[in-house]
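Read left to right, the sequence shown gives residues 0 to 305 (numbering that gives the first Met the number 0).
Worksheet for the structure shown next.
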Amino acid sequence: MKKTDLPKLKKRIDEATKIVFHKNSHLDDAAAQWFLRDIVKVSGNFEFQPNNKLKIDASKNEIGLDVIHPEAVKGYQSEDGTYSSVFRCVVDAYFEDGSSKRNAIESMVLWVDGDDSTGSATKAILGERHDLLENVGLTNMFAAYKARFFEMGDEVINDEYGKQILTPLFDHLLNTELARDIVRNECEIYVDGTVGVCVGHVPAAALGFPQKEAIALAKSANMTKPSIFLYRDPKIGMGMIRIDDNLRLDDTKLKDFISEHGGDGWFFHPSGFLTACGSMTVPCDLEKIPLKLEALVNTLNDIYGE
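Shown next, in the form of structure tokens:
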């Protein structure tokens, strides 16, 4: 099938009385079952059949997923001729491109897709297998659940794996994506010389994201990558974090400038990566910080700019 056929697939799955999978599940079909059962909550029953004895009756609104049968879908064919995993297939059928849920689940889709196509997600993503990442990744976690619940069969294995691993992970990724949406919609992010600036409140779940946005903004505008990230957050305070690991934010000139213009409460981390008057752990009232943002940006560019 083609990606353009996904609306028809969604309709078939929504109306299915029975969804057939093969016995001895792999990560791909286990993830697809989790998605259909726990995320979009389809009503059809799951049934596990031997690959060589498949019985799927379309007249009874039955459909197969990740099996070879005239009434089944293994994935969809991309423009380059390759096929998706069945997990990607059902995710794309139910989640709209660009939506928060679709963006949140993408890393899980990439892992399953890579594992399904090459047998090694890290090889598919990185170009070569990375054993450490494989050992703690979704594939090996599924193998651990298969070993633990082997005697209980596919349904229990996949259900436990979905509830204990995939659901908490997706919830966390979605929470992060929704926090990033807040930053996109409510914060002002710009680049001035060597400084990437974020004005507005950044939720804890989105920490680190404004820096990435500033770097991406500089790249799209053919500007030099910022080496310092500066925040002015009404719920936290003001501060700066280095982006360039070779840079130190405890320069004598910077300390002198802040001592003269910044007011009380500034902290210079001894490792040189952070200078702040207010952080997530120790917030500060912006009204008590006399230092003007523009003046600090200009000073940082004078000290650290090319």
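Beta carbons: idealized from backbone N, C-alpha and C, even for Gly.
Remember, it's a predicted structure, so these values are computed and weren't measured experimentally.
Candidates Val-108, Ser-77, Thr-16: closest to Asp-56 by CA position: Here residue 56 corresponds to residue number 57 of the sequence shown, with the count starting at 1. Residue Thr-16 is the option with its Cα nearest to Asp-56.
Same chain, Cβ closer than 6 Å to His-260, neighbours up to 5 away in sequence not counted: Counted from its first residue, the sequence shown places residue 260 at position 261. Here the set comprises Leu-290.
Residue range of the unbroken alpha helix (DSSP H) whose run includes Phe-45: Residue numbering aside, residue 45 sits at position 46 when the sequence shown is read from its first letter. Following the DSSP letters along the chain, one finds Phe-45 in no alpha helix (DSSP H) but inside the beta strand (DSSP E) bounded by residues 44 to 48.
Please give the ranges of any beta strand (DSSP E) in the region 214 to 282, keeping only runs that are unbroken, at least 3 residues long and fully inside the region. Listed in chain order, they are 227 to 232, 236 to 241, 273 to 276.
CB Val-85 to CB Asp-65, shorter than 8 Å? Residue 85 sits at position 86 when you count from the first residue of the sequence shown. Residue 65 sits at position 66 when you count from the first residue of the sequence shown. Going by C-beta atoms, Val-85 is nearer than 8 Å to Asp-65.
Identity of the residue in Glu-159, Cys-88, Leu-137, Pro-209 nearest Asp-37 by Cα: Here residue 37 refers to the residue found at position 38 of the sequence shown. Ranked by how close their Cα comes to the Cα of Asp-37, the residues Glu-159, Cys-88, Leu-137, Pro-209 have Glu-159 in first place.
Roughly how many angstroms separate the alpha carbons of Val-296 and Ala-213, rounded to a whole number? For the purposes of this step, residue 296 is identified with residue 297 of the sequence shown, where counting begins at 1. For the purposes of this step, residue 213 is identified with residue 214 of the sequence shown, where counting begins at 1. Approximately 14 Å between the Cα atoms of the pair.
Cβ-based burial, Gly-126 [other Cβ within 10 Å; buried from 16]: Counting from 1 along the sequence shown, the entry for residue 126 is found at position 127. The residue in question, Gly-126, is exposed, as its Cβ has fewer than 16 Cβ neighbours within 10 Å.
Hey, how far is the Cα of Ile-97 from the Cα of Ile-257? As a first step, residue 97 is located in the sequence shown; it is residue number 98 there, counting from the start. As a first step, residue 257 is located in the sequence shown; it is residue number 258 there, counting from the start. Residue 97 is actually Gly in this sequence, not Ile. One alpha carbon belongs to Gly-97, the other to Ile-257, and they sit about 42 Å apart.
In three-state DSSP terms, what is His-171? As a working mapping, residue 171 is identified with position 172 in the sequence shown. Correct three-state label for His-171: helix.
Taking 8 Å as the cut-off, decide whether the C-beta atoms of Asn-157 and Gln-48 are in contact. As a position in the sequence shown, residue 157 is number 158, starting the count at 1. As a position in the sequence shown, residue 48 is number 49, starting the count at 1. Not closer than 8 Å, so no.
Using the Cα positions of Asp-170 and Trp-110, report the straight-line distance between them to the nearest angstrom. For the purposes of this step, residue 170 is identified with residue 171 of the sequence shown, where counting begins at 1. For the purposes of this step, residue 110 is identified with residue 111 of the sequence shown, where counting begins at 1. Rounded to whole angstroms, the gap between the alpha carbons of Asp-170 and Trp-110 is 17 Å.
Tell me, please, which residues DSSP counts as bridged to Tyr-82. Within the sequence shown, numbered from 1, the residue matching residue 82 stands at position 83. Partner residues in the beta bridge of Tyr-82, as assigned by DSSP, are Gln-76.
Taking all protein chains shown into account, decide if Gly-277 is buried (16 or more other Cβ within 10 angstroms of its Cβ) or exposed. Translated into the one-based positions of the sequence shown, residue 277 becomes position 278. It is buried - the Cβ of Gly-277 has at least 16 other Cβ atoms within 10 Å.
Three-state secondary structure (DSSP) of Leu-132: Translated into positions along the sequence shown, residue 132 becomes position 133. In this structure, DSSP gives Leu-132 a helical state, which the three-state scheme calls helix.
To which residues of the same chain is Arg-179 closer than 7 Å at the C-beta, ignoring the five residues directly before and after it? Taking the sequence shown and counting its residues from 1, one reaches residue 179 at position 180. Counting only Cβ-Cβ distances below 7 Å, and skipping sequence neighbours, we find Ala-205, Phe-208.
Excluding the five sequence neighbours on either side, which residues of its own chain have a C-beta within less than 7 Å of the C-beta of Met-141, listed in chain order? In the sequence shown, residue 141 corresponds to position 142, counting from 1. Here the sequence assigns Phe to residue 141, which means Met is not the residue at that position. Short of 7 Å from the beta carbon of Phe-141, and not among the five residues preceding or following it, lie these beta carbons of its own chain, in chain order: Leu-26, Ala-29, Tyr-160.
N-terminal and C-terminal residue of the alpha helix (DSSP H) that Glu-159 is part of: To locate residue 159, count along the sequence shown from 1; it is residue 160. From DSSP, the alpha helix (DSSP H) with Glu-159 extends over 153 to 160.
Helix, strand or coil, according to DSSP, for Phe-149 in the structure here? Translated into the one-based positions of the sequence shown, residue 149 becomes position 150. Correct three-state label for Phe-149: helix.
Taking the alpha helix (DSSP H) that Ile-124 falls in, what are its first and last residues? Numbered from its first residue, the sequence shown carries residue 124 at position 125. If you look at Ile-124, you'll find it in the alpha helix (DSSP H) that goes 120 to 125.
Between which two residues does the beta strand (DSSP E) harbouring Val-198 extend? In the sequence shown, the residue the question calls residue 198 occupies position 199. Run containing Val-198: 194 to 198, per the beta strand (DSSP E) assignment.
Cβ of Leu-253 within 8 Å of Cβ of Ile-302? Here residue 253 is taken as the residue at index 254 of the sequence shown, counted from 1. Here residue 302 is taken as the residue at index 303 of the sequence shown, counted from 1. In contact: Leu-253 and Ile-302 (Cβ atoms closer than 8 Å).
Give the single residue among Gln-163, Lys-287, Thr-138, Arg-87 whose Cα lies nearest to the Cα of Gly-262. For the purposes of this step, residue 262 is taken as the residue at position 263 of the sequence shown. Ranking the options by Cα distance to Gly-262, first place goes to Lys-287.
Looking only at its chain, what residues have a beta carbon closer than 8 Å to the beta carbon of Ala-92, apart from the 5 residues adjacent to it on each side? Stepping through the sequence shown from its first residue, residue 92 is reached at position 93. Cβ within range, chain order: Leu-5, Pro-6, Leu-8, Lys-9, Ile-12.
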